[in-house]
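A.B. asks: This is the structure, below, for whatever I ask next.
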Amino acid sequence: MRMYDLIMKKRNNETLTEEEIRFMIDNYTKGNIPDYQMSAFTMAVYFNKMNADETLALTMAMAESGDMLDLSSISGIKVDKHSTGGVGDKTSLALIPMVAALGVCTAKMSGRGLGHTGGTIDKLESFDGFNTAISTEQFINQVNRIGIAIMGQTADIAPADKKLYALRDVTATVDNMSLIASSIMSKKLAAGADAIVLDVKCGSGAFMKSEEDAIALAKEMVTIGTGAGRKTTAIISDMDQPLGNAIGNALEVKEAIDTLKGHGPKDFSELCMTLGAHMVVAGNKAATLEEATDQLKEVISNGKALDKLAEFIQAQGGNPEQVYHPELLPCASLCEEILAEEEGYIYSVQCDEIGICSLILGGGRETKESIIDLSVGFILHKKKGDFVSKGESLATVYANDSDKLIQAKTRFLKAYHISSKQPIATPFIKAIIS
Ligand code: URA
């Protein structure tokens, strides 16, 4: 078999066999296929696409290119969740303790990531001493003991995807549905869970800008998960404005804590409840979504979900006192209100721009080497559809550098579009695919 022939086949819009895809991925991982040939292949896929069988074969080959985590020593059904990412996305921090309080086990590998705020791992590092560099043995023992463990992604999980994703990033071939779906799902399948709940975002702050594309991506990922024998569900939600009110690492941790106390913002609470109900049913802890929702409300009102977060933070070396006293979390030295320059309805929010404002403050990473400032960010006081008077606060900005504060504030104001017209309200949860 020759890579040249496989490139030509895809260039001519023909279908590759499982054997051909496996040959290509195995040899690319080993370094036998050079980047220039792989780039030509991904560009051919970009234009000619892959069918469902090819996408599944690509996913499995990438998943099996490194370690496949064996979670069989954890009793019960292991349920994982994955978010396609967005601005203010702190979902795992509240959701996983909620479902763990009901006995649903989650052994999650998480990333740091580039972008406007850190990944889940960075956010968790807002707790003094929290350690995600734990061994696989410790990871598994902890899930058996308390139902939750979150560790940093190791290099051995889907190394083919790591190499291919980096290549796609510099060859303008990231945004192809099959390549995105196989990239995400290869890591999820290698991480070993029995069931997967996918949190797919759509809108100006998400990868998928339109609802149609988000649904297509969700369907593709659900087909892969199901084809690989894992119960998979996807929930598509709005990311046309930031999720919840907090953007920034420690600020998002505080909002997740509020949500576990039952005082979270409406959209974020709704998302946690919807994803949570699906995770609880997938974990066989409730027969119906209604029953699961009632159980989730119960662990929030009786404090068990909050206690589970504290137990998890302590198990990984963090300070559980900060769960009960969030004022002990990192706090910025400067704080200012961003005042509306005119009156009217918030017609739209350029969500990705708000993300960039957080990056300007130092809340995210521009390069892999950047050091994140955990304390900076925004708390939004007005969201889409709200009325604002001239001079009223749209948001509070938290910063540690006055130049960055001014820059972020100026850009933030441009991301809020105020109009005399009220926008048409659209549902927050757009679709559920299972
Ligand atoms: N996230 C991934 O892990 N892979 C992609 O291709 C896109 C987003």
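Heads up, the sequence shown stops at 433 in numbering that gives the first Met the number 0, and the numbers go up one at a time, no gaps. Even glycine gets a Cβ: it sits at the ideal position worked out from N, Cα and C.
(1) Nearest-angstrom Cα distance between M150 and I353?
(2) Considering only heavy atoms of the ligand URA, does any lie closer than 7 Å to the CB of F40?
(3) Rounding to the nearest angstrom, what Cα-Cα distance links G128 and N47 in this structure?
(4) Nearest-angstrom Cα distance between L166 and L178?
(5) For the ligand URA, I want to know if I183 counts as a neighbour, meaning its beta carbon is within less than 7 Å of at least one of the ligand's heavy atoms.
(6) Give the list of continuous beta strand (DSSP E) stretches no shorter than 3 residues that lie fully inside the region 307 to 369.
(7) Could you name each continuous beta strand (DSSP E) segment of 3 residues or more that falls completely within the region 77 to 121, going from the start of the chain to the end?
(8) Excluding the five sequence neighbours on either side, which residues of its own chain have a C-beta within less than 6 Å of the C-beta of F377, listed in chain order?
(9) At the level of alpha carbons, what is the spacing between E326 and I73?
(10) Any heavy atom of the ligand URA closer than 7 Å to the beta-carbon of Y164?
(11) Report buried or exposed for N244, applying the criterion of at least 16 other Cβ atoms within 10 angstroms of its Cβ.
(12) Among V280, V348, T258 and V279, which has the Cα closest to the Cα of V322?
(13) For the beta strand (DSSP E) containing K429, name the first residue and the last one.
(14) Hey, quick one: how far does the alpha helix (DSSP H) through G202 stretch, first residue to last?
(15) Can you give the beta carbon distance from A157 to S134, rounded, assuming they're within the 8 Å contact cut?
(16) G486 and L5 look like a contact to me (Cβ under 8 Å); what is the Cβ gap, rounded to whole Å?
(17) If you measure between the beta carbons of M272 and L305, is that distance less than 8 Å?
(18) Helix, strand or coil for V387, going by three-state DSSP, please let me know.
(19) Given a threshold of 16 other Cβ atoms within 10 Å of its Cβ, counted over all protein chains shown, does S332 qualify as buried or as exposed?
(20) Quick one: grab the DSSP three-state call for S209.
(21) Does the beta carbon of I235 fall short of 7 Å from some heavy atom of the ligand URA?
(22) Using C-beta distances below 6 Å, list every residue in its chain close to A213, excluding the 5 sequence neighbours before and after it, in chain order.
(23) Compare the beta carbon distance of H81 and K187 with 8 Å and say whether it is the shorter of the two.
(24) List the whole-angstrom C-beta distance separating E342 from V387, where the pair is believed to meet the contact cut-off of C-beta under 8 Å.
(25) In the DSSP assignment, the beta strand (DSSP E) including S392 goes from what residue to what residue?
(26) Smallest Cα separation from I423: which of H380, Y415, G361 and S347?
(27) Could you name the residues of the same chain whose beta carbon sits closer than 7 Å to that of C330, not counting the 5 residues immediately before and after it, in chain order?
(28) Which term fits H324, buried or exposed, when burial requires 16 or more other beta carbons within 10 angstroms of its beta carbon?
C.D. replies: The answer reads as follows:
(1) In the sequence shown, residue 150 corresponds to position 151, counting from 1. In the sequence shown, residue 353 corresponds to position 354, counting from 1. Straight-line Cα distance between these residues: approximately 28 Å.
(2) Your numbering for residue 40 matches position 41 in the sequence shown. Every heavy atom of the ligand URA is 7 Å or more from the Cβ of F40, so no.
(3) For the purposes of this step, residue 128 is taken as the residue at position 129 of the sequence shown. For the purposes of this step, residue 47 is taken as the residue at position 48 of the sequence shown. Roughly 49 Å between the two C-alpha positions.
(4) Position 167 of the sequence shown holds residue 166. Position 179 of the sequence shown holds residue 178. Rounded to the nearest angstrom, the two C-alpha atoms are 12 Å apart.
(5) Position 184 of the sequence shown holds residue 183. Yes - the ligand URA has a heavy atom lying nearer than 7 Å to the Cβ of I183.
(6) 333 to 338 and 343 to 348
(7) 78 to 82 and 105 to 109
(8) Translated into positions along the sequence shown, residue 377 becomes position 378. Same-chain partners within the cutoff: I246, A394 and V396.
(9) Locating residue 326 in the sequence shown gives position 327, where the first residue counts as 1. Locating residue 73 in the sequence shown gives position 74, where the first residue counts as 1. C-alpha separation (whole angstroms): 35 Å.
(10) Locating residue 164 in the sequence shown gives position 165, counting from the first residue. Because some heavy atom of the ligand URA lies under 7 Å away, the Cβ of Y164 counts as near it: yes.
(11) Position 245 of the sequence shown, counted from the start, is the residue given in the question as residue 244. Its Cβ being crowded by 16 or more others within 10 Å, N244 is buried.
(12) Here residue 322 refers to the residue found at position 323 when the sequence shown is read from its first residue. It is T258 whose Cα lies nearest to the Cα of V322.
(13) Mapped onto the sequence shown, residue 429 falls at position 430. It spans I428 to I432 - the beta strand (DSSP E) in which K429 sits, taken as one unbroken run.
(14) Indexing the sequence shown from 1 puts residue 202 at position 203. Neither: G202 is in no alpha helix (DSSP H) and is coded neither H nor E.
(15) Sequence index remark: in the sequence shown, residue 157 carries index 158 (1-based). Sequence index remark: in the sequence shown, residue 134 carries index 135 (1-based). No, A157 and S134 are not in contact; Cβ-Cβ is about 19 Å, not under 8 Å.
(16) The structure shown does not extend to residue 486, since the chain is modelled only from 0 to 433, so the question has no answer here.
(17) Working through the sequence shown from its first residue, we reach residue 272 at position 273. Working through the sequence shown from its first residue, we reach residue 305 at position 306. Not closer than 8 Å, so no.
(18) Taking the first residue of the sequence shown as 1, we reach residue 387 at position 388. Strand.
(19) Within the sequence shown, residue 332 is the residue found at index 333, counting from 1. Label assigned to S332: exposed.
(20) Mapped onto the sequence shown, residue 209 falls at position 210. DSSP places S209 in coil when its eight states are reduced to three.
(21) One-based indexing of the sequence shown puts residue 235 at position 236. Not so, every heavy atom of the ligand URA lies at least 7 Å from the Cβ.
(22) Here residue 213 refers to the residue found at position 214 when the sequence shown is read from its first residue. For A213, where only same-chain residues beyond five positions count, the Cβ hits under 6 Å are V199, C201, M207 and I235.
(23) Translated into positions along the sequence shown, residue 81 becomes position 82. Translated into positions along the sequence shown, residue 187 becomes position 188. Taking 8 Å as the Cβ cut-off, H81 and K187 qualify as a contacting pair.
(24) Locating residue 342 in the sequence shown gives position 343, counting from the first residue. Locating residue 387 in the sequence shown gives position 388, counting from the first residue. Their Cβ separation, rounded to whole angstroms, is 6 Å, which keeps E342 and V387 in contact under 8 Å.
(25) Within the sequence shown, the letter at position 393 stands for residue 392. Where S392 is concerned, the enclosing beta strand (DSSP E) stretches over S392 to A398.
(26) Stepping through the sequence shown from its first residue, residue 423 is reached at position 424. Per the Cα distances, S347.
(27) For this step, residue 330 is matched to residue 331 along the sequence shown. Closer than 7 Å at the Cβ level, and outside the excluded window around C330, lie S374.
(28) Locating residue 324 in the sequence shown gives position 325, where the first residue counts as 1. Exposed, because fewer than 16 other Cβ atoms sit within 10 Å of the Cβ of H324.
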